[in-house]
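Asker:
Protein chains in written order, with our numbering: chain L, 165 to 492; chain A, 303 to 716.
Dropping the structure here:
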């Protein structure tokens, strides 16, 4: 059972409280700090009176406990089965060659039991030795906070070399790619791991320039709830910070925050909903949609005709130079 | 019953979380048709668990509460917190910690009577000591043996209990990553809770977190698949607001990383065909008997998959398979476009017509599933064709409607 008190925030909090009480009698202040750090906003209203009022007979009034050993619990079968399942995932080798042996454990799921059907097929080469090596170097740099010297191939096929301070590793399930988020480099703040040729610790002096977080942009979209569009659109854009307002029985306004760097991707995602969504703001985004539609009209698209393909003017096709691929 | 931060039944909170996160435009009055108190309790719980993400908006219809989460920033799925709120009794928690203190080492092996007797030593110093009878302790021991955290051994007629071997925990980075990307990732979050430090070295783009709410359903389906068993599903049909039961052989869960939906592909003996059911519509899963033909059904699904764009295994037209094709043109400096087509084509095929033109073709059960994706190529489509005339008409009319929506008339601009 996934929903069990064995995994609850309350059990974890009490385990931490008892661990502290075994070491020395626990002060109320310390008790409250542990609750605030480990449990939820209102938990202090429940855990403290339950322990101090002896409803949970684990902590004495003087802050001591009858327990003699630090509270621990073996892994449940469910936890072991999940670990076994992820040990079968190719991406585990990015982290380690020595995953804990779980020989007598059945996996909770295998590759036959689920299928991600819309993932892009040009994902990173997770089983490639050089890729694994680069990944591990980057992870070590993140753990120990040191700069890296990186050589990569740009989308244009040129080799670039630079020094960066790694900030985090970003993974996209859709692209099936890792990107390194960095600071301290004018060339690029986001580096596709798949483009890295070599990566090693940078031993020279390195000063990190404070980077400014990009200001999010707000996209406003009016949607018409036909063909279940309301649910489809809201689920599709669920991962953005967003707000929905009902305009009338059939129309809604969706406002979401987006990163300007992802604008082209967002344009095509909006287009996928056809006439059931209309971008109302910002005007620059509206114009991007309009330009695509104007060019589509100029394509002279024809449905269900088998004769020759109409020629496009160079102007039409060259106008869209912005890559729909991910950033380098 | 007095308000409690903890809950007994996850399904109720599951509905509210989805409502506040995915939609978030309904006012309190719309929720309180059934019970105002229930709404107030669930809203208060969510504020306690997910307060950082709660937002409020005052409208003419009343105050709206919603959850707004940028999953690219949050790093850990906030909804996992909801899975850590199971209620329990005062006796449950007291017994739990004392029991594992008594059985603190895997070498210690004790009978029920010995454990029960030992417990009194832990409790006697309290003003009103709890007394656990043997039947209560036996029930808890049995529950923990089933969970795999205790082992029972019979010696003659006597049963001995001891704690299970400790499995070494893996690296926090492994748990951090897989708890976000692997199915049933909440289990990884439970494992992370056992570690003192969190790594926070990973962030996630295009990260759909709603599936977390369906973790129990997904887990039950995986367990049934591993044992090749039938399941009885209780399914909510939200449009018609009714619930049905369906007995099926669960074969595979289809997951989308482009909208976060998860579907169960299953064989239904009643209708003798494959069906797909959204996991967020499944209210409960009851595991039944072993399905003797499980492997044959799964093989049949494997054979069907080269004609499935998404999860549909039949078309509205009634045709066995539908054909769809479209042609795109791109400039010399737009080599990323055919690359994009290639990486996104799934079961389709691509034919290079000339240096700047290629054609996509697919034969699928339901060509309607391709329409949203085809629209992402608008501005380059020079030809398209559906064998289903209704889809041909819809695609054409939708493009015309989009032109009108943005004030574009023949000639290219207004």
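We treat Cβ as the ideally placed atom computed from N, Cα and C, and that holds for glycine.
Could you tell me whether the Cβ atoms of residue 266/L and residue 493/A are closer together than 9 Å?
Answerer: The answer is no: Cβ separation not under 9 Å.
Asker: Measure the alpha-carbon distance for residue 434/A versus residue 425/A and round it to whole angstroms.
Answerer: Each residue's Cα considered, the two are about 10 Å apart.
Asker: Touch check for the stretch 607-624 of chain A and the stretch 660-668 of chain A: three-plus C-beta pairs under 8 Å?
Answerer: Because the criterion of three Cβ pairs below 8 Å is met, the stretch 607-624 of chain A and the stretch 660-668 of chain A touch.
Asker: So which residues on chain A does residue 166/L lean against when the C-beta distance must stay under 8 Å?
Answerer: What residue 166/L touches in chain A: 385, 486, 488, 489, 517, 518, 521.
Asker: Using the Cα positions of residue 473/L and residue 510/A, report the straight-line distance between them to the nearest angstrom.
Answerer: Confidence at residue 473/L is low in this model, with a pLDDT of 32, below 50, so the placement of that residue should be treated as unreliable; the coordinate-derived value is given next. Straight-line Cα distance between these residues: approximately 39 Å.
Asker: Since residue 511/A is in the beta strand (DSSP E), which residue starts that stretch and which ends it?
Answerer: Neither: residue 511/A is in no beta strand (DSSP E) and is coded neither H nor E.
Asker: Using beta-carbon positions only, say whether residue 504/L and residue 364/L come within less than 9 Å of one another.
Answerer: Past the boundaries of the shown model lies residue 504/L; chain L is included only from 165 to 492, so the question cannot be answered.
Asker: So what's residue 166/L in DSSP terms, helix, strand or just coil?
Answerer: The answer is coil: DSSP assigns residue 166/L none of H, G, I, E or B.
Asker: At what residue ranges does the stretch 379-454 of chain L contain a whole run of the beta strand (DSSP E), taking only runs of 3 or more?
Answerer: List check, beta strand (DSSP E) in window: 381-388, 406-410, 415-422, 441-445.
Asker: Along the stretch 424-447 of chain A, where does the CB come closer than 8 Å to a CB of chain L? Name the residues.
Answerer: Within the stretch 424-447 of chain A, the qualifying residues are 424, 425, 427, 428, 429, 430, 431, 432.
Asker: Check residue 471/L in the structure and name its three-state DSSP category.
Answerer: The pLDDT assigned to residue 471/L is 37, lower than 50, so where the model puts this residue is not dependable; a value taken from the coordinates is nonetheless given after this. The answer is coil: DSSP assigns residue 471/L none of H, G, I, E or B.
Asker: Quick check on residue 469/L: buried or exposed, where buried means 16 or more other Cβ atoms within 10 Å of its Cβ?
Answerer: With a pLDDT of 42 at residue 469/L, under the threshold of 50, the predicted position of this residue should be treated as unreliable, though the coordinate-derived value follows. The residue is exposed, with fewer than 16 neighbouring Cβ atoms inside 10 Å.
Asker: Would you check if the distance between the CB atom of residue 562/A and the CB atom of residue 512/A is smaller than 9 Å?
Answerer: Contact: yes.
Asker: Among 466/A, 314/A, 325/A, 347/A, which has the Cα closest to the Cα of residue 403/L?
Answerer: Answer by Cα proximity: 325/A.
Asker: When the Cα of residue 744/A is compared with those of 442/A, 418/A, 412/A, which residue comes out closest?
Answerer: Lying before the first or after the last residue shown, residue 744/A is absent from chain A, which here runs from 303 to 716.
Asker: Beta-carbon within less than 7 Å of residue 372/L's beta-carbon, same chain only, minus the 5 sequence neighbours each way: which residues are those?
Answerer: The answer, listed in chain order, is 329, 347, 348.
Asker: Does the Cβ-Cβ distance between residue 386/L and residue 422/L come in under 9 Å?
Answerer: Against a cut-off of 9 Å, the Cβ pair of residue 422/L and residue 386/L comes out as no contact.
Asker: Among the candidates 260/L, 288/L, 250/L, 234/L, whose CA atom is the shortest distance from the CA of residue 401/A?
Answerer: Closest by alpha carbon: 234/L.
Asker: The beta strand (DSSP E) spanning residue 551/A covers which residue range?
Answerer: Looking at the DSSP string, the run of the beta strand (DSSP E) that includes residue 551/A is 544-557.
Asker: Tell me which same chain residues have a C-beta within less than 7 Å of the C-beta of residue 471/A, skipping the five on either side of it?
Answerer: Counting only Cβ-Cβ distances below 7 Å, and skipping sequence neighbours, we find 493, 496, 497.
Asker: Just to make sure I have the definition right: I need the residues of chain A whose C-beta is within less than 8 Å of the C-beta of residue 387/L. Which are they?
Answerer: The contacting residues do not exist; residue 387/L stays about 12 Å from chain A at best.
Asker: Does residue 464/L have its Cβ less than 9 Å from a Cβ in chain A?
Answerer: Chain A, which has a Cβ nearer than 9 Å to the Cβ of residue 464/L, makes this yes.
Asker: Name the DSSP beta bridge partners of residue 206/L, please?
Answerer: Answer is none; residue 206/L lacks a bridge partner.
Asker: Does the pairing of the stretch 641-650 of chain A with the stretch 584-601 of chain A give three or more beta-carbon distances under 8 Å?
Answerer: Touching, no.
Asker: For chain L, check one thing: does any of its Cβ atoms lie closer than 9 Å to the Cβ of residue 652/A?
Answerer: False, the Cβ-Cβ gap to chain L never drops below 9 Å.
Asker: What residues in its chain sit with their C-beta under 8 Å from that of residue 256/L, if we drop five residues either side in the sequence?
Answerer: Around residue 256/L: 250, 263.
Asker: Nearest to residue 243/L by CA position, among 650/A, 547/A, 490/A, 543/A, is which residue?
Answerer: Comparing Cα positions, the closest option is 490/A.
Asker: Nearest chain L C-beta to residue 528/A closer than 9 Å, yes or no?
Answerer: Output row for residue 528/A: interface = yes.
Asker: Would you tell me roughly how many angstroms separate the C-alpha atoms of residue 488/A and residue 441/L, rounded to the nearest one?
Answerer: Rounded to the nearest angstrom, the two C-alpha atoms are 34 Å apart.
Asker: For my contact list, residue 445/A and residue 418/A are in at a C-beta cut-off of 8 Å; report their separation, rounded to the angstrom.
Answerer: Between residue 418/A and residue 445/A the Cβ distance is about 16 Å, and since that is not below 8 Å, they are no contact.
Asker: Between which residues of its own chain and residue 196/L is the CB-CB distance below 7 Å, once the five residues before and five after are set aside?
Answerer: Here the set comprises 208, 212.
Asker: Report the three-state DSSP secondary structure of residue 464/A (helix, strand or coil).
Answerer: Residue 464/A: strand per DSSP, three-state reduction.
Asker: Going by beta carbon distance, what residues of the same chain come within less than 8 Å of residue 245/L, once the five residues before and after it are set aside?
Answerer: Hits under 8 Å: 269, 270, 271, 272.
Asker: Please name the residue, chosen from 669/A, 355/A, 365/A, 304/A, that lies closest to residue 373/A on a Cα-to-Cα basis.
Answerer: Considering only alpha carbons, the answer is 355/A.
Asker: Among residues of its own chain, excluding the 5 on either side of residue 320/A, which ones have a beta-carbon nearer than 8 Å to its beta-carbon?
Answerer: For residue 320/A, where only same-chain residues beyond five positions count, the Cβ hits under 8 Å are 512, 515, 582.
Asker: Which of the residues in the stretch 220-244 of chain L, read from start to end, lie with their CB under 8 Å from any CB of chain A?
Answerer: Within the stretch 220-244 of chain L, the residues whose Cβ lies closer than 8 Å to some Cβ of chain A are 220, 221, 222, 224, 230, 231, 232, 233, 235, 236, 237, 238, 239, 240, 241, 242, 243, 244, listed in chain order.
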